[in-house]
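Engineer: Below is the structure I would like to discuss, written out as structure tokens.
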Amino acid sequence: MMADGVVKKLPKDVVNYITLKLPVKSLLRFKCVSKFWYAYIQSWAFIILHRNRASSLNDEIILFKRSFKKEHDHFKSIMSFLSSGHDSDDFHHVSPDLEVPYLTNTTSCTFHRFIGPCHGLIVLTDKVTAVLFNPATRNYRVLKPSPFGSPLGFHRSINGIAFGFDSIANEYKIVRLAEIRGEPPFYCYTVREWRVEVYELSIDSWREVENVDQQLPYVHWYPCAELFYKGTSHWFGNTNTVVILGFDMSTETFRNIKMPNTCHFKDRKCYGLVVLNESLTLICYPYPGCEIDPAIDFMEIWIMEEYGANESWSKRYTIIPLAIESPLAIWKNHLLILQSITGHLISYNLNSDEIKEFNLHGWPKSLRVKIYKESLTLIPKESEYNTQAQ
């Protein structure tokens, strides 16, 4: 308590200078020391200062989620916390693994969405249940399910899911892009109607966006395709060609971003979106179900040098054909992380062309990776399922 009294006598800017340099784990311990520290660290003013503090790539870790088969076609999902040394591309664990709760435990685990991060929060969802999670504090909350259904005789399918922050309304939002189709045997590939569902965290409520553009492209899901960047969520969509579909979290409006000329074809191509050197980055890679042609099936990495300017795409890397399922992330601006067809985590060094396979694996197609910077961001306690992971 004596130390607590000394701290209270220090100028506020000195206290801020010291505490802003501390990791989340240390700050969480301080919360238990006294009421002063609890209130100080729990305040939104400090949380925002800590989140926006000067950072480097050394502050980031890798969130690695994958699923394992247990028995009788039941699966469990595990999240690992990884990093690498300053001069090494080898991954090591920095925290104990966590079992991911509430999501489906069948083979559909290969379609789990792992969305974010945004201000240190991520969303895990199987399209029915959505879990909002702060990996740094281990706090999570099972969100209220969407109440929206479909008219009699029609089917509602969720194609795109997004999580981000509306900086104008100061609101965290989850967005679900739903298509309404005819039920079998009258099911067809023509979308009857597009609907957009929005969940707002502060009021724990879902609503539908009015006057949705009914000429939206058909959204396709890939393991590395849902990205929140510069206030906008992004997916891939099909028109006559493939485009990037953007949804502005503040205005709740859509727009299409054209892809480079060599990347917008529908056949034999898959796509990923990541951030590289703070720029929107497109990864174009061969469809994993096709036999690879070494002459043409290269992987390409394109950077959009001016966000929103279609003509500003610049090809940065052309990579030899690799037998992969999908890219997952880019770590420290030079290490492309991928999942192999067999379910192993592998890396490709963009500087040296070195390929590594790690002793990190899961059920094929179930691997997900996010580059994560820890945060104290709070999850409001509006649900009986709000709790802390062990």
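The sequence shown begins at 4 in the working numbering and counts up one residue at a time. Cβ atoms here follow ideal geometry from the backbone N, Cα and C, with glycine treated the same way. All figures in this text were calculated on a predicted structure; none of them were measured in a lab.
Taking only runs of the beta strand (DSSP E) that begin and end inside the stretch 57-138, which ones reach a length of at least 3 residues, in chain order?
Structural biologist: 63-72, 78-87, 94-102, 116-121, 124-128, 133-137
Engineer: On the criterion of 16 or more Cβ atoms from any shown chain inside 10 Å, does residue 355 qualify as buried, or is it exposed?
Structural biologist: Counted from its first residue, the sequence shown places residue 355 at position 352. Exposed is the call here.
Engineer: For residue 290 versus residue 271, is the C-beta spacing smaller than 7 Å?
Structural biologist: Sequence index remark: in the sequence shown, residue 290 carries index 287 (1-based). Sequence index remark: in the sequence shown, residue 271 carries index 268 (1-based). For residue 290 and residue 271, yes; Cβs fall inside 7 Å.
Engineer: Taking 7 Å as the CB-CB limit, is residue 360 close to chain C?
Structural biologist: No chain C appears in this structure, which consists of one protein chain only.
Engineer: Could you pull the start and end residues of the alpha helix (DSSP H) that residue 29 belongs to?
Structural biologist: Walking along the sequence shown from the start, residue 29 turns up at place 26. Start and end: 27-33.
Engineer: Could you tell me whether the stretch 123-136 touches the stretch 157-175, where touching means 3 or more Cβ pairs closer than 8 Å?
Structural biologist: yes
Engineer: On the three-state DSSP scale, how would you describe residue 314?
Structural biologist: Here residue 314 corresponds to residue number 311 of the sequence shown, with the count starting at 1. Residue 314 falls in the helix class under three-state DSSP.
Engineer: DSSP on residue 45, reduced to helix/strand/coil?
Structural biologist: Counted from its first residue, the sequence shown places residue 45 at position 42. Secondary structure at residue 45: helix, using DSSP grouped into helix, strand and coil.
Engineer: Can you have a look at residue 131 and say buried or exposed, based on whether 16 or more other CB atoms are within 10 angstroms of its CB?
Structural biologist: As a working mapping, residue 131 is identified with position 128 in the sequence shown. Classification of residue 131: exposed, given that the 10 Å Cβ count is below 16.
Engineer: Look up residue 224 in the DSSP assignment and say whether it is helix, strand or coil.
Structural biologist: By 1-based counting over the sequence shown, the position of residue 224 is 221. Looking at residue 224 - three-state DSSP - the assignment turns out to be coil, as it is neither helix nor strand.
Engineer: So the beta strand (DSSP E) residue 21 belongs to, where does it begin and stop?
Structural biologist: Here residue 21 refers to the residue found at position 18 of the sequence shown. Note, residue 21: premise wrong, no beta strand (DSSP E); alpha helix (DSSP H) at 15-22.
Engineer: In chain order, what are the residue ranges of uninterrupted alpha helix (DSSP H) at least 4 long that sit wholly in the stretch 282-316?
Structural biologist: none
Engineer: Beta-carbon within less than 7 Å of residue 5's beta-carbon, same chain only, minus the 5 sequence neighbours each way: which residues are those?
Structural biologist: The residue given as residue 5 occupies position 2 in the sequence shown. For residue 5, the predicted structure reports a pLDDT of 41, less than 50, and the residue's modelled location is therefore unreliable. The matter cannot be settled from this model.
Engineer: Go ahead and pull the three-state DSSP assignment for residue 39.
Structural biologist: As a working mapping, residue 39 is identified with position 36 in the sequence shown. Helix, per DSSP.
Engineer: Whose C-alpha, out of 39, 18, 43, is nearest the C-alpha of residue 379?
Structural biologist: Taking the sequence shown and counting its residues from 1, one reaches residue 379 at position 376. The shortest Cα separation from residue 379 among 39, 18, 43 belongs to 43.
Engineer: Decide yes or no for the touch test of the stretch 27-39 against the stretch 59-76: beta carbon pairs closer than 8 Å, at least 3 of them.
Structural biologist: no
Engineer: Below 8 Å on the Cβ atoms is my guess for residue 199 versus residue 211; work out the distance and round it to an integer in Å.
Structural biologist: Reading the sequence shown from its first residue, position 196 is the one you call residue 199. Reading the sequence shown from its first residue, position 208 is the one you call residue 211. That pair is a contact at about 7 Å.
Engineer: Please look up how many angstroms separate the CB atoms of residue 305 and residue 317, rounded, as I've assumed it's under 8 Å.
Structural biologist: Against the sequence shown, residue 305 aligns to sequence position 302. Against the sequence shown, residue 317 aligns to sequence position 314. That belief holds up - the Cβ atoms of residue 305 and residue 317 are roughly 7 Å apart, short of 8 Å.
Engineer: In whole angstroms, give me the CA-to-CA distance for residue 213 and residue 253.
Structural biologist: Taking the first residue of the sequence shown as 1, we reach residue 213 at position 210. Taking the first residue of the sequence shown as 1, we reach residue 253 at position 250. In a straight line, the C-alpha of residue 213 is about 14 Å away from that of residue 253.
Engineer: For residue 172, which residues of its own chain have a beta-carbon under 6 Å away from its beta-carbon, when the five flanking residues on both sides are left out?
Structural biologist: Mapped onto the sequence shown, residue 172 falls at position 169. Short of 6 Å from the beta carbon of residue 172, and not among the five residues preceding or following it, lies no beta carbon of its own chain.
Engineer: Return helix, strand or coil for residue 237, following the three-state DSSP convention.
Structural biologist: Here residue 237 refers to the residue found at position 234 of the sequence shown. Of the three classes helix, strand and coil, the one that applies to residue 237 here is strand, per DSSP.
Engineer: Might you give, ordered along the chain, the residues of its own chain that have their beta carbon closer than 7 Å to the beta carbon of residue 52, omitting 5 neighbours on each side?
Structural biologist: Working through the sequence shown from its first residue, we reach residue 52 at position 49. Taken in chain order, the residues that qualify are 19, 23.
Engineer: Identify the continuous beta strand (DSSP E) that holds residue 167 and give its terminal residues.
Structural biologist: The residue you call residue 167 lines up with position 164 of the sequence shown. Where residue 167 is concerned, the enclosing beta strand (DSSP E) stretches over 157-169.
Engineer: What are the residues that DSSP puts in a beta bridge with residue 372?
Structural biologist: Against the sequence shown, residue 372 aligns to sequence position 369. DSSP lists 67 as partners of residue 372.
Engineer: Can you tell me whether DSSP reads residue 53 as helix, strand or coil?
Structural biologist: Taking the first residue of the sequence shown as position 1, residue 53 is located at position 50. Three-state DSSP puts residue 53 in a helix.
Engineer: Output needed for residue 106: all residues of its chain with C-beta closer than 8 Å, excluding positions within five of it in sequence on either side, in chain order.
Structural biologist: Start at 1 with the first residue of the sequence shown, and residue 106 comes out as number 103. 80, 112, 115, 127, 128, 129, 132, 134.
Engineer: Among 177, 273, 208, 176, which residue has its Cα nearest to the Cα of residue 223?
Structural biologist: As a first step, residue 223 must be located in the sequence shown, where it is residue number 220. The option with the nearest alpha carbon to residue 223 is 273.
Engineer: Bridge partners for residue 216 per DSSP, in chain order?
Structural biologist: Walking along the sequence shown from the start, residue 216 turns up at place 213. None, per the DSSP bridge assignment.
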